[in-house]
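Quick mapping for you: the protein sequence lines, in order, are chains P and S. Count along the first sequence from 1, then add 165; that gives the number in the working numbering. Count along the second sequence from 1, then add 165; that gives the number in the working numbering. Backbone N, C-alpha and C fix where the C-beta goes; we use that ideal spot for every residue, glycine too.
Number of protein chains: 2
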Amino acid sequence: MTLPLDDRGLLLGDGLFETLLVVDGAPVWWGEHMARLRRGCVALSLPEPTEDEAKAAARQVIDDGAGHPRAALRLTWTAGSGGRGLDRPSMLSPRLLASLAPAPRPTKPLRLAIAQVRRNAGSPTSRHKTLAYLDNVLARREAQVAGADEAVMLNTAGEVACAAAANIFWMEDGEVFTPALDCGVLDGLARAAVMARAAALGAAVREVRAGAEGLGRAEAVFLTNSLMGLRPAATLDGRHLKKPPLLDALAADLP
Amino acid sequence: MTLPLDDRGLLLGDGLFETLLVVDGAPVWWGEHMARLRRGCVALSLPEPTEDEAKAAARQVIDDGAGHPRAALRLTWTAGSGGRGLDRPSMLSPRLLASLAPAPRPTKPLRLAIAQVRRNAGSPTSRHKTLAYLDNVLARREAQVAGADEAVMLNTAGEVACAAAANIFWMEDGEVFTPALDCGVLDGLARAAVMARAAALGAAVREVRAGAEGLGRAEAVFLTNSLMGLRPAATLDGRHLKKPPLLDALAADLP
Chain P
166 MTLPLDDRGL LLGDGLFETL LVVDGAPVWW GEHMARLRRG CVALSLPEPT
216 EDEAKAAARQ VIDDGAGHPR AALRLTWTAG SGGRGLDRPS MLSPRLLASL
266 APAPRPTKPL RLAIAQVRRN AGSPTSRHKT LAYLDNVLAR REAQVAGADE
316 AVMLNTAGEV ACAAAANIFW MEDGEVFTPA LDCGVLDGLA RAAVMARAAA
366 LGAAVREVRA GAEGLGRAEA VFLTNSLMGL RPAATLDGRH LKKPPLLDAL
416 AADLP
Chain S
166 MTLPLDDRGL LLGDGLFETL LVVDGAPVWW GEHMARLRRG CVALSLPEPT
216 EDEAKAAARQ VIDDGAGHPR AALRLTWTAG SGGRGLDRPS MLSPRLLASL
266 APAPRPTKPL RLAIAQVRRN AGSPTSRHKT LAYLDNVLAR REAQVAGADE
316 AVMLNTAGEV ACAAAANIFW MEDGEVFTPA LDCGVLDGLA RAAVMARAAA
366 LGAAVREVRA GAEGLGRAEA VFLTNSLMGL RPAATLDGRH LKKPPLLDAL
416 AADLP
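Set out below in structure tokens:
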């Protein structure tokens, strides 16, 4: 399958995506991912995919790619073909694309570096998984050039926002912190699961607006996303971090 | 021609584009556009297209689309196919795509509206024409919903940056102003031509960091880009503007 060259997802980043974990052929958190995709459509004024077409596209690539015990299913929802320039056509005909790739659970220690590239706190796109993900690509690249594996992104107000492809949590004096969603943060499904679990354990996560200095005082840092679940960081800008306490308990609801 | 679905331009906005005016089959400012595309490649750490392949791709679509006295040639340079996720493959094989569309000179009065969506002053992408152009799409859409034709975008620091698809200039007390490039502004070719012309006329343009209130005091506002040249704005957020003095003189070097 290929894509027409006038697709607005390609030309302008006009569209959204979701990445789902597929375990033994079954997508995890299907309903939650679809709900988030629909919220993204509202934010971007795009028509929403139907449940049936999304399920059919997912089923097709999962069946084609049978054999991966853990796989990443990507659903891409572009604004479809459009005329020249920024203006959308009066009738949008979005395109749904699906792909599957192996997604073994990462095991090596995770090294983080704070990137120079900032998250745009002045755009609704910072709260959604859009096809305009180049800032995250550049942040990841910065981290790798610095000898790390993943970037920590501050937003344009200088507040800790997220990792390039994950939500971020940190621990200080026995408390757990994560950036508030309005820092320009994706409403992560693993983030929500960890927060619910922490609350049930009596260790409610504090959603905060914090500068990089907050992270600098952290004893432990961990990332979450749908694919890897919860992953502790070994270092941040070269500083060694502790293994987060309660780690296994916090990850108990993650696939 | 179609595109493989694993192209990073499509999936992540990982790439660049240029839009050139083509008059009677001849691209205008070819060398300048290619130089800017190469600067974008450096900023994004992408390999650069060769002059020969770019010329061949342009020639092909210009020949195929013969008959438009004024046309828009779009060159799209994607990071090419890549693996799953943000990490680029160790060897990039970028793709060059070209397309042509009629681009008649717009004649109706231009109504501007200041958009809520901000330009990311914390990312190098704001200085380049990248495939991650969704913020501009959303800004344009906001302007249209407000009954205008084009959006004025402030950056995340609240400074006037540009229009969604053009550079912006304004006039106050006989002086001409435009945002400095480090406000998160594309280094526009028509912008540069107008600035050079203004300097030759003894009316040097002042590159400034100015908030929206600066624009609010403007007597006249005009936009520039490669396709439309210089275009005066009739209104800004509903306020009527004057026709800029020296208009024809400033536009003298534009195609």
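Proximity to residue i [Cα-Cα], best of the options
i, options, result
"Ser258 of chain P", "P:Gly247, P:Arg374, P:Ala375 and P:Ala399", "P:Gly247"
"Glu324 of chain S", "S:Glu372, S:Ala357, S:Trp195 and S:Met360", "S:Glu372"
"Ala414 of chain P", "P:Leu392, P:Pro397 and P:Arg362", "P:Arg362"
"Val188 of chain P", "P:Leu277, P:Leu392 and P:Asp172", "P:Leu392"
"Val302 of chain P", "S:Ala311, S:Leu251, S:Trp195 and S:Arg235", "S:Leu251"
"Arg382 of chain S", "S:Leu177, S:Ala221 and S:Glu340", "S:Glu340"
"Thr400 of chain P", "P:Gly245, P:Pro344 and P:Trp335", "P:Trp335"
"Glu183 of chain P", "P:Ala191, P:Thr321 and P:Arg203", "P:Arg203"
"Gly190 of chain S", "S:Pro267, S:Arg374, S:Thr215 and S:Glu197", "S:Pro267"
"Leu380 of chain S", "S:Trp195, S:Leu346 and S:Asp402", "S:Asp402"
"Gly205 of chain P", "P:Val193, P:Asp179, P:Asp217 and P:Arg356", "P:Asp179"
"Arg249 of chain S", "P:Met256, P:Pro192 and P:Pro269", "P:Pro269"
"Trp131 of chain S", "S:Ala364, S:Arg404, S:Gly376 and S:Arg356", "Chain S is shown only over 166 to 420; residue 131 of chain S falls outside these bounds and no answer can be derived."
"Gly376 of chain S", "S:Arg404, S:Ala326, S:Pro420 and S:Ala364", "S:Ala326"
Residue j beta carbon less than 8 Å from that of residue i
i, j, result
"Leu319 of chain P", "Leu366 of chain P", "no"
"Leu354 of chain P", "Val386 of chain P", "no"
"Ala308 of chain P", "Asp314 of chain P", "yes"
"Leu186 of chain P", "Arg235 of chain P", "yes"
"Ala304 of chain S", "Ala280 of chain S", "yes"
"Glu378 of chain S", "Glu337 of chain S", "no"
"Leu443 of chain P", "Trp242 of chain P", "No information on residue 443 of chain P is available, as it lies outside the stretch 166 to 420 that chain P covers here."
"Ala263 of chain P", "Val226 of chain P", "yes"
"Leu238 of chain P", "Leu277 of chain P", "no"
"Asp352 of chain S", "Arg201 of chain S", "yes"
"Thr389 of chain P", "Val370 of chain P", "no"
"Ala311 of chain P", "Ala329 of chain P", "no"
"Met199 of chain P", "Ala222 of chain P", "no"
"Met117 of chain S", "Leu170 of chain P", "Only positions 166 to 420 of chain S appear in this structure, which leaves residue 117 of chain S out of reach."
"Arg306 of chain S", "Ala345 of chain S", "no"
Assumed close pair residue i, residue j - CB separation to whole angstroms, cut-off 8 Å
i, j, result
"Ala368 of chain S", "Leu395 of chain S", "Their Cβ separation, rounded to whole angstroms, is 14 Å, which puts Ala368 of chain S and Leu395 of chain S out of contact at 8 Å."
"Ala331 of chain S", "Asp418 of chain S", "The pair is not a contact, with the Cβ atoms about 17 Å apart (cut-off 8 Å)."
"Arg292 of chain S", "Gly245 of chain S", "In fact, because the Cβ distance is near 22 Å, the residues do not count as touching under 8 Å."
"Leu175 of chain P", "Gly174 of chain S", "6 Å"
"Leu168 of chain P", "Leu261 of chain S", "No, Leu168 of chain P and Leu261 of chain S are not in contact; Cβ-Cβ is about 16 Å, not under 8 Å."
"Thr321 of chain S", "Thr321 of chain P", "4 Å"
"Pro397 of chain S", "Leu275 of chain S", "7 Å"
(Q) Whether or not the stretch 282–289 of chain P and the stretch 273–286 of chain S are in contact is what I'm after, with contact meaning three or more pairs of Cβ atoms, one per stretch, closer than 8 Å; do they touch? (A) Contact between the stretch 273–286 of chain S and the stretch 282–289 of chain P is present: 3 or more CB-CB pairs across the two stretches fall below 8 Å.
Q: Would you check if there are 3 or more beta carbon pairs closer than 8 Å linking the stretch 226–234 of chain P to the stretch 203–214 of chain P?
A: The stretch 226–234 of chain P makes no contact with the stretch 203–214 of chain P: fewer than 3 CB pairs, one atom from each, lie closer than 8 Å.
Q. What are the complete alpha helix (DSSP H) segments, minimum 4 residues, inside the stretch 365–399 of chain S?
A. If only complete runs of 4 or more residues are kept, the stretch 365–399 of chain S shows the alpha helix (DSSP H) at 377–381, in order along the chain.
Q | Complete beta strand (DSSP E) runs within the stretch 191–268 of chain S (minimum length 3 residues, chain order) | A | Complete beta strand (DSSP E) runs here, min 3: 235–243 and 260–267.
Q: Could you pull out every unbroken beta strand (DSSP E) segment of at least 3 residues lying fully inside the stretch 318–360 of chain S, listed in chain order?
A: The qualifying runs are 325–328, 332–337 and 340–344.
Q | alpha helix (DSSP H) runs wholly inside the stretch 285–323 of chain S, at least 4 long, in chain order | A | Counting whole runs of 4 or more residues, the stretch 285–323 of chain S contains the alpha helix (DSSP H) stretches 299–310.
Q. Taking any Cβ of chain C, which residues in the stretch 293–308 of chain P have a Cβ under 8 Å from it, in chain order?
A. Reference to chain C is not applicable here, since the protein chains of this structure are P and S.
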